[in-house]
Amino acid sequence: MHAQRRVEQHYAAPDLGERILGALAEAGHTVRPGELDALPPIDEMHHRGREATEELAAMGHWRPGLQVLDAGSGLGGSSRYLAVQHQCQVVGVDLTPDLCHAASLLSAALGIERTRFVRASATRLPVADATFDVVWTQHAQMNIPDKEAFYGELARALRPGGQLLFHDVFAGPAGAPHFPVPWADSETISSLVTPDRVAEILRRNGLLQRQWHDRTEVSLQWARKVSTAPPDTDMGSVGSLLMGPTRQTKMQNLERNLRERRIVLIQARYDKPLPQP
Ligand SMILES: C[S@@+](CC[C@H](N)C(=O)[O-])C[C@H]1O[C@@H](n2cnc3c(N)ncnc32)[C@H](O)[C@@H]1O
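The sequence shown begins at 577 in the numbering used here and counts up one residue at a time.
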């Protein structure tokens with residue numbers, strides 16, 4: 577089977593948006609337009625959730641009206657955060673149709689109009705060159721084998737003077753990770769490379785490194801907490817909705833992979849320079 581098809585199947589979740597809203601209503605949570613924080617921490621599918629999104633956003637420069645691309649936008653949590661907090665127009669691109677649908681539904685339920693979700697591969701973005709002021713990505717590239725195409729497309733979509741912000745999982749020094757993990761049941765759809773390799777690809781694409789932070793240790797503390805959350809807690813039940821019955825094993829492997837340094841977490845900002853006069 578084609579690699580992208582396998583990734584799509586891994587994340588496929590028919591009616592996920594409807595099920596999330598239904599589960600919230602049943603638990604007595606009313607999601608009202610204008611309340612970004614009305615959703616429990618379900619729509620940020622990356623290490624440390626909203627905390628990491630706020631941290632990554634704080635590494636960038638913002639002003640109202642910026643055009644932002646969220647590559648691998650998932651349920652759209654980061655897209656909505658940037659749209660509301662920084663008054664940007666955000667286009668989320670994601671391979672998985674169910675997640676694009678769910679992301680649109682959640683934005684509509686919260687009354688957020690400045691996000692749009694498009695089904696496409698981030699390795700072949702359906703956008704013109706130099707379209708975006710900010711290109712943002714969290715935890716999508718570990719499912720993408722063709723790193724040259726992925727980072728090449730992000731650099732192409734960025735306008736000169738724009739910023740690339742990423743928060744991602746990379747290969748650590750201690751060998752292959754234990755599976756299953758949240759992004760893959762086995763190594764067939766996991767494509768980890770070292771942070772150095774990515775830094776080299778970005779440099780070749782003409783981007784300049786401005787910030788680079790290793791977040792492995794703080795992610796390990798977080799993983800310790802969530803890997804022991806029982807399935808009936810808020811954190812555990814929402815995780816099961818997204819990750820299925822193997823949620824706890826996946827979270828335990830995540831903790832072990834971080835502890836053994838089989839994976840590392842990096843947040844970084846790169847700038848695309850303006851042409852020299
Ligand atoms: C772990 S989720 C992260 C979602 C979101 N960035 C977040 O942090 O909440 C990974 C997402 O990457 C998407 N993805 C994987 N390969 C992709 C590709 N080639 N192009 C676009 N999206 C992709 C998946 O469909 C999934 O929604």
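Every residue gets a Cβ at the ideal spot worked out from N, C-alpha and C, and that includes glycine.
Taken from the Cβ of Leu768, every heavy atom of ligand 1 lies 7 Å or farther away.
For ligand 1, no non-hydrogen atom lies closer than 7 Å to the CB of Leu796.
Listed as beta-bridge partners of Trp788 by DSSP are Ala844. Beta-bridge partners of Thr804 (DSSP): none assigned.
The beta strand (DSSP E) runs lying completely inside the region 583-648 and spanning 3 residues or more are 643-647, given in chain order.
From the listed residues Gln852, His578, Lys848, His586, the smallest Cα separation to Ala716 is found for His586. Around the beta carbon of Gly604, fewer than 16 other beta carbons lie within 10 angstroms, which makes this residue exposed. Where Leu734 is concerned, the enclosing beta strand (DSSP E) starts and stops at 734-747.
Between the alpha carbons of Ser683 and Ile596 lies a gap of roughly 13 Å.
Placement of the Cβ of Asn833 at a distance of 7 Å or more from every heavy atom of ligand 1 is found.
Comparing alpha-carbon positions, the option among Val745, Tyr846, Ala678, Ala696 lying closest to Pro590 turns out to be Ala678.
By DSSP's assignment, Ile720 forms no beta bridge with any residue. By the Cβ neighbour-count rule, Trp798 is buried, with 16 or more other Cβ atoms within 10 Å of its own. Counting other Cβ atoms within 10 Å of its Cβ, Asp705 stays below 16 and is therefore classed as exposed. With a beta-carbon spacing of about 5 Å, Arg837 and Ala750 fall inside the 8 Å limit used to define contacts.
With a contact defined as Cβ atoms closer than 8 Å, Trp712 and Ser654 qualify at about 7 Å. Non-local beta-carbon contacts of Ser649 in its own chain, meaning distances under 7 Å to residues more than five positions away in sequence, involve Ser655, Gly668, Val669, Asp670, Ala679, Phe693 in chain order. Not one heavy atom of ligand 1 is found less than 7 Å from the C-beta of Glu627.
Ranked by Cα distance from Asp613, the first of Leu675, Ala633, Ile688, Pro673 is Ile688. Of the heavy atoms belonging to ligand 1, none sits nearer than 7 Å to the Cβ of Ser762. Nearest in C-alpha terms to Gln580, of all of Leu818, Asn719, Gln665, is Asn719. Only exposed fits Pro640, as fewer than 16 other CB atoms lie within 10 angstroms of its CB. The three-state secondary structure of Arg695, taken from DSSP, is strand.
The shortest C-alpha to C-alpha distance from Leu686 to any of Leu675, Asp847, Ala659 is the one to Ala659. Spatial neighbours of Pro736 in its own chain (CB-CB distance under 8 Å, excluding positions within 5 residues in sequence) are listed in chain order as Ala706, Lys848, Pro849, Leu850, Pro851.
Secondary-structure assignment with DSSP links Gly668 through a beta bridge to Asp646, Phe693.
Out of Met827, Val703, Arg835, Lys826, the CA that lies nearest to the CA of Ala731 is found in Val703. Ranking Leu681, Ala634, Ser762, Asn781 by CA distance to the CA of Gln661 puts Ala634 first.
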